[in-house]
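Asker: Handing you this structure, nothing more for now.
2 protein chains.
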Amino acid sequence: MGRLIAWCAALFLTLGALPGIAQAEDGYDLWLRYRPLPADAQARDRARATAVIFDADQHDVQVLAAVDEIERALDGMLGAKAPTYGQAVQAGGIVLGTSGEPRIKALNLPLGPLGTEGYVIRSTVMDGKPVTVVAANSGVGVLYGSFALIQHLQRGLGLEGLDIASAPKLKLRLLNHWDNLDRTVERGYAGQSIWDWWKLPDFKDPRYTDYARANASIGINGTVLNNVNAKADSLTAPYIAKAAALADVFRPYGIKVYLSARWSSPIEIGGLKTADPLDPQVAAWWKAKADEIYKAIPDFGGFLVKANSEGQPGPQDYKRNHAEGANMLAAAVRPHGGIIMWRAFVYQHENPEDRAKQAYDDFKPLDGQFADNVIVQVKNGAIDFQPREPFHPLFGAMPKTPLMMEFQITKEYLGMATHLVYLGPLYEEVLQADTFGHGKGSTVAKVIEGDLDKYKLTGMAGVANIGVDRDWSGSTFNQANWFVFGRMAWDPQASAKQVAGEWSELTFGPNPAVRPKVVDIMMTSRDAVVNYMTPLGLAHLMATSHHYGPGLWVKDLARPEWNPVYYHKADATGIGYDRTKTGSNAVAQYAPMLARQFGDVKTTPEQDLLWFHHVGWDYRMKSGKTLWEELAGKYSLGVREVADMHSAWSALAPYIDQDRFAKTNAFLSIQQREAQWWRDASLAYWSSVSGRQLPAGEAPPAKPLADYEAVSWPYEPGR
Amino acid sequence: MGRLIAWCAALFLTLGALPGIAQAEDGYDLWLRYRPLPADAQARDRARATAVIFDADQHDVQVLAAVDEIERALDGMLGAKAPTYGQAVQAGGIVLGTSGEPRIKALNLPLGPLGTEGYVIRSTVMDGKPVTVVAANSGVGVLYGSFALIQHLQRGLGLEGLDIASAPKLKLRLLNHWDNLDRTVERGYAGQSIWDWWKLPDFKDPRYTDYARANASIGINGTVLNNVNAKADSLTAPYIAKAAALADVFRPYGIKVYLSARWSSPIEIGGLKTADPLDPQVAAWWKAKADEIYKAIPDFGGFLVKANSEGQPGPQDYKRNHAEGANMLAAAVRPHGGIIMWRAFVYQHENPEDRAKQAYDDFKPLDGQFADNVIVQVKNGAIDFQPREPFHPLFGAMPKTPLMMEFQITKEYLGMATHLVYLGPLYEEVLQADTFGHGKGSTVAKVIEGDLDKYKLTGMAGVANIGVDRDWSGSTFNQANWFVFGRMAWDPQASAKQVAGEWSELTFGPNPAVRPKVVDIMMTSRDAVVNYMTPLGLAHLMATSHHYGPGLWVKDLARPEWNPVYYHKADATGIGYDRTKTGSNAVAQYAPMLARQFGDVKTTPEQDLLWFHHVGWDYRMKSGKTLWEELAGKYSLGVREVADMHSAWSALAPYIDQDRFAKTNAFLSIQQREAQWWRDASLAYWSSVSGRQLPAGEAPPAKPLADYEAVSWPYEPGR
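Keeping their order, the protein sequence lines are chains V and D.
Going by the numbering used here, the first sequence opens with residue 1251, and the numbers climb by one from there.
Going by the numbering used here, the second sequence opens with residue 1251, and the numbers climb by one from there.
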């Protein structure tokens, strides 16, 4: 028998995963993984899910989508199909309904303050029969509530004694796809764009529907289809028809379509000589274009615009400011209820000012000048989606202009697809940062929720990490970043750790042996990447252009801010960017209390130390170590943290299906090797610049600096 | 009740396919679609599939792969798992074994002439018990036999009274991937390359295993991983390690890995000053490189080389000929048993000679000069994978040099992913063409089988149509082209129609209501595309560069042979390329009997008329019509044929799962629209050139010629 087992093992090793499992657990289902619950849970839940009941006269496509989803979920989790529809209440039924229906109204649920998208889930009695009600003021609220109910079941929590009410705190909860029309994805690490423009509008890939389901399940209500570095072609008639086909697929899931608009489109596809926003012909062209789009897509959301940044055209080309540009477009979409999202990520190669200061310099003076259907979209930090940045100084500084948050979900600077980095702690850190805009407690979360400044528009955008890879996001754990973005767009006060736990249960099942370990890995991962890439406030030290791996030594690129040396300013005496009064004085862009704190090396949080200060190598840290010792130690800590993540994952082998286990395991091997590479290359470089030996106890880099400098990464993804 | 049905319909229309079906029938399973057989067939077959029996002492990875596959198939089709392994014979068992095993030897099966890859399947008696034996001289033969047995079951034919023997007629049955290291695929219309080089060798995507299974199931035994327009990087150590990881996955499936080699690699990655094949340093570099590769991949197949063609470097850069180049490489791989496949697809922009003649001119004089581990790879026609071309004149003209066939599976010139074109008839037409090389009956098939000229090496290569699209090939019907390529590489005498029928049964199930209709569609489709794109021997009229849609009018590109007008030579008096004595005399490259036939306009098959002759518009065709009337009629016929294909497919709706039905239906809508466009644009152009009105009864084009000329296709796939 031992021999037979050996043959089995040989077969297994040779051929990989068993067929059934391979097919089943390829990650396509994301967190909508409706696998059979344990037998006891099934028995319990079946009594509470005897039927899906809704007002069949409604014809509300979003309620129909909710019914379909609950059917699918019950079918998968309880192994028994509930009747698809039924108007008559029955015991143990799940009743879906909107506040306009008499039997919902009769329940007197607290729907009033929940707006058009909130929902109530309540265990109650209807017609004398015990039921679970999912109620809302609109179809999409019912849909959101249905997903919440399903997730409750998925997590093994059952349907007893429910009384849940939830409503989103932000109006715009959007993905930004940096997807090009040729299906490449700028900073995309999960394969080609899921939009198969070539075959649209004729062929609507079933994947588009699953995309919409996944987004609706976490409350995302809009998607910008094309790259902010936009082509005018996306505004031509054929591409409008393609976008309309997608909008048709998304509508039942409450997701609106938006487009990135290239500023110079009136010239490129409109035959005009100018794109000056004050030129009446230009305004007329945009108005006609908006009319054309709304004819094809009546619920079109509006335009996202990257203007006068990184070579993109914009109103400044005509000596107009951002507000003049945005307001012209805003007038074009206003008759249709559309909005303009105007990006504040601007810096000019020609501007010698500290890059971190330029967006504030450009936008702060325009506060109050934007039309009321414009919202300014601000990246979380003032540079560009680094592993850690202080929050962007515009937050709290634009009381008369609605600001929305732009997070990056795709990991441009954080190891692309294969490094495991959970972004929840990054988002949370930014959202919980205090701007002091209205005194203490004026967190970024509160700023974007709009209550502090009475914003009419509110929102959060996430640069998507979605592609045609079977698992959508390039790795299982990258799916968590999409998930947590959705959760925090719904509620900017959400806890990263709590969300990680929920994601773990939905993704790997509610096994109590799994959740805490997965959460530990996730919560460690962001500190780890900061430590092995850019500790103590360092930033933008990645290799040129693709941003993969270390490029600390790069100093010969044409523009100063393209070079890592611009950001770290290390020399024999010290390291860091002086943004105090003695330097660029970027600290002055923050509220006075913060400007003082960040302006003083002693009161600056050490995690941001080198962001704000140029500090001597022998500077004494709180730990008592010198900066050089502390810095070296952080890199080594990052490497150890990845090793710990890897062994924690290895210990989960008995609980995770083979395919997903093996993939994450392979990726952690890559990450472990590359964390070591980051540490070694960085320490080799700092050592050479500072002229210092490695601190005692630190292992020397595996290779000489020149070897690290010689590494090249041809054919890298995401460009 | 009617109302409830209406709601159901609304739900259905709104939300698309039902979840279960959508997941199940996305085309990923290809023809290895092990769905449950009808109950009666299951009951019958279960008695003949009680166990899978093999010699467990073997440890032959290919036999283990066969066991795994049969298990998977029985599990799917019979809904009952057979015991995975067992040495003891039992009634109704499926016995797998090689000729070295005593119990197989004792059966006296006719394995002798079947070589290392052939197999026998026989219903017989072993130890007094009825069994089905799958036997071969090697593990891979057992694997091929096992796939044949599985396909027999899939087609509902049961396992009664089997007596099958089969062996491949060609030694090399290879896919050529024109896949680049950045995952773009030249002429690929099914998404990115399936090779995720970035994550290799750490991460072996389970899809690689399924790729190997699919190929083994149709007898493919090798794969060239990278584009013939090669980068030297693929020969560097990191990429060799990546290729080795793939080779490890493919080995249990009998598939060897090959690489395209860039001629100038010794300069680009070797630090040499030259790539002259007679330079000893160059030869030494290649020898060392081959040694390095074989150390990582002991069963590495060898190199494929595109040299001195379309700008690629080659031995002619050093005044050496193709044989001198090939033989130098051949010496490098010979100690390891490797081979060189040297492509005959050569033409030089500098050569004013008829492009169709250049390969023959270059290679014919070298007959007999190639080393014995070199095989010359020749495209099926002398231009480039057109919808129809006469067979390449090199076939039959190189008695002392093994030639292998290169077919294109991807549809570069045939409508890319969305036009339904089954290539079986194209392959068959070429293979059954008579070269008269050894007198009548010397078909191309017989030439490449090698018996006529006693070739030591034989083979067929297919330019793959595989990508990361979920259905692998960009459409369901494109899968049939991969399938028929495998079948014809195994047996160049295979019938395109028979193969179409088998594919239909494996892909859509053995429903007798489906097979004949699907076969009709497939067998019509190749004529249809010839008719609506390039009837009567016309060729290469596609738009510039991407080859999508008509570009008949293009005449201003730098090199003559880049322009469609080079190929059709239409003017007021007539149309066609004079390749007779009065023209380029390309006909003289064929055997004398054919040279006479093709040299005379009256004896030239009308399907090749304008390939060989420049003919007046009023030339009288066999039908009695003028050429102009016949030509116009062919275009219209092509449009009607597509319409017929579309309605035939529509009639299959009740029998095909929703997702695959809808996708093909959407694609047929595209094809119908574009067949009309091809017809209209072509007739508008010919009319303008000839100065003739459309023949009576022919509907005028929908638009003026200028509109067709103005069409552009930005962001097209496959470049």
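The C-beta atom is built at its ideal place from N, Cα and C for all residues, glycine as well.
Here the structure is a predicted model, which means the values were calculated and not measured.
1. Give the straight-line distance between the Cα atoms of D/A1793 and D/P1785, rounded to the nearest whole angstrom.
2. Please give me, in chain order, every unbroken run of the alpha helix (DSSP H) with length at least 4 that falls completely inside the region 1647–1672 of chain V.
3. Which first and last residues belong to the alpha helix (DSSP H) in which D/K1322 is found?
4. Within the same chain, show all residues whose beta-carbon is closer than 6 Å to that of V/A1609, passing over the 5 residues directly before and after it, in chain order.
5. From D/L1328, D/Y1369, D/T1685 and D/L1364, pick the residue whose C-alpha is nearest to that of D/V1345; which is it?
6. Excluding sequence positions up to five away, which residues of its chain have a Cβ less than 6 Å from the Cβ of V/V1779?
7. Among residues of its own chain, excluding the 5 on either side of D/N1761, which ones have a beta-carbon nearer than 6 Å to its beta-carbon?
8. For V/P1548, which residues in chain D fall below 9 Å Cβ to Cβ?
9. Mind checking if D/Y1958 is an interface residue toward chain V, Cβ cutoff 8 Å exclusive?
10. Under the rule that 16 or more other beta-carbon atoms within 10 Å means buried, what is D/M1843, buried or exposed?
11. Roughly how many angstroms lie between the CA atoms of D/A1949 and D/K1884, to the nearest whole one?
12. Tell me, to the nearest whole angstrom, how far the beta carbon of D/A1398 is from that of D/I1371; I am working on the premise that it is less than 8 Å.
13. Which residues mark the beginning and the end of the beta strand (DSSP E) in which D/L1425 is found?
14. Could you tell me whether the Cβ of D/G1277 comes closer than 8 Å to any Cβ of chain V?
15. Report buried or exposed for V/W1281, applying the criterion of at least 16 other Cβ atoms within 10 angstroms of its Cβ.
16. Taking the Cβ atom as the reference point for each residue, do V/G1347 and V/D1305 lie within a distance shorter than 8 Å?
17. Would you list the residues sitting across from D/T1876 in a DSSP beta bridge?
18. Spell out the partners DSSP gives D/Y1508 in its beta bridges.
19. Hey, how far is the Cα of V/A1491 from the Cα of V/V1555?
20. Rounded to whole angstroms, what is the Cα-Cα separation between D/A1956 and D/D1806?
21. Spell out whether any CB of chain V is found under 8 Å from the CB atom of D/S1938.
22. If V/N1731 sits next to V/L1673, beta carbons under 8 Å apart, how far is it from one beta carbon to the other, in whole angstroms?
23. Give the residues of chain V in contact with D/W1447, contact being defined as C-beta atoms less than 7 Å apart.
24. Would you mind giving the Cβ-Cβ distance between V/L1616 and V/N1571, rounded to the nearest angstrom? I have them listed as a contact below 8 Å.
25. Please list the partners that D/V1718 has in chain V, where partner means a Cβ-to-Cβ separation under 9 Å.
26. Quick one: give me the first and last residue of the beta strand (DSSP E) that V/R1372 is part of.
27. For D/K1379, which beta-bridge partners are listed by DSSP?
28. In the DSSP assignment, what residue or residues form a beta bridge with D/G1712?
29. From V/H1896, V/Y1568, V/V1749 and V/I1444, pick the residue whose C-alpha is nearest to that of V/Y1677; which is it?
30. Leaving out five residues on either side along the sequence, give the residues of the same chain with a beta carbon under 7 Å from the beta carbon of V/T1668.
31. Counting along the chain, where does the alpha helix (DSSP H) carrying D/D1541 start and finish?
32. With 8 Å set as the bound, which would you pick, yes or no: does the beta-carbon of D/A1272 sit closer than that to a beta-carbon of chain V?
33. Measuring CB to CB, does D/S1723 end up less than 8 Å from D/M1895?
34. Candidates D/A1946, D/R1929 and D/E1966: which alpha carbon is nearest D/K1953's?
35. In chain order, what are the residue ranges of uninterrupted alpha helix (DSSP H) at least 4 long that sit wholly in the region 1719–1799 of chain V?
36. Distance cutoff 8 Å, beta carbons only. Does V/I1920 sit that close to anything in chain D?
Answerer: This is what the structure holds:
1. Their Cα atoms are separated by approximately 16 Å.
2. Unbroken alpha helix (DSSP H) runs of no fewer than 4 residues, entirely contained in the region 1647–1672 of chain V, are not found.
3. Rather than Lys, the amino acid found at residue 1322 of chain D in this sequence is Arg. V1311 to M1327 is the extent of the alpha helix (DSSP H) around D/R1322.
4. Closer than 6 Å at the Cβ level, and outside the excluded window around V/A1609, lie A1594 and V1596.
5. D/Y1369
6. P1637, L1664 and V1671
7. Y1905
8. What V/P1548 touches in chain D: nothing, since even the nearest Cβ is about 16 Å away.
9. no
10. Per the 10 Å Cβ criterion, exposed.
11. 13 Å
12. Yes, they are in contact, since the Cβ atoms of D/A1398 and D/I1371 sit about 6 Å apart, within 8 Å.
13. Counting along the chain, the unbroken beta strand (DSSP E) around D/L1425 starts and ends at L1422 to N1426.
14. No, because no Cβ of chain V sits closer than 8 Å to the Cβ of D/G1277.
15. buried
16. yes
17. Per DSSP, the beta-bridge partners of D/T1876 are D/R1870.
18. D/V1474 and D/G1552
19. The alpha-carbon atoms of V/A1491 and V/V1555 are separated by roughly 21 Å.
20. Their Cα atoms are separated by approximately 16 Å.
21. No Cβ of chain V is located within less than 8 Å of the beta carbon of D/S1938.
22. Indeed, because the Cβ distance is near 5 Å, the residues count as touching under 8 Å.
23. Y1965
24. 6 Å
25. G1441, Q1442, V1718, D1719 and R1720
26. The continuous beta strand (DSSP E) containing V/R1372 extends over residues Y1369 to M1376.
27. D/M1376
28. D/L1425 and D/F1657
29. V/V1749
30. S1725, F1917, I1920 and Q1921
31. P1530 to A1546
32. Bear in mind that a pLDDT of 32 at D/A1272, under 50, signals an unreliable position, so the model cannot answer this.
33. No; because the gap between Cβ atoms is not below 8 Å, this pair is not in contact.
34. D/R1929
35. 1726–1740, 1746–1758 and 1765–1783
36. yes
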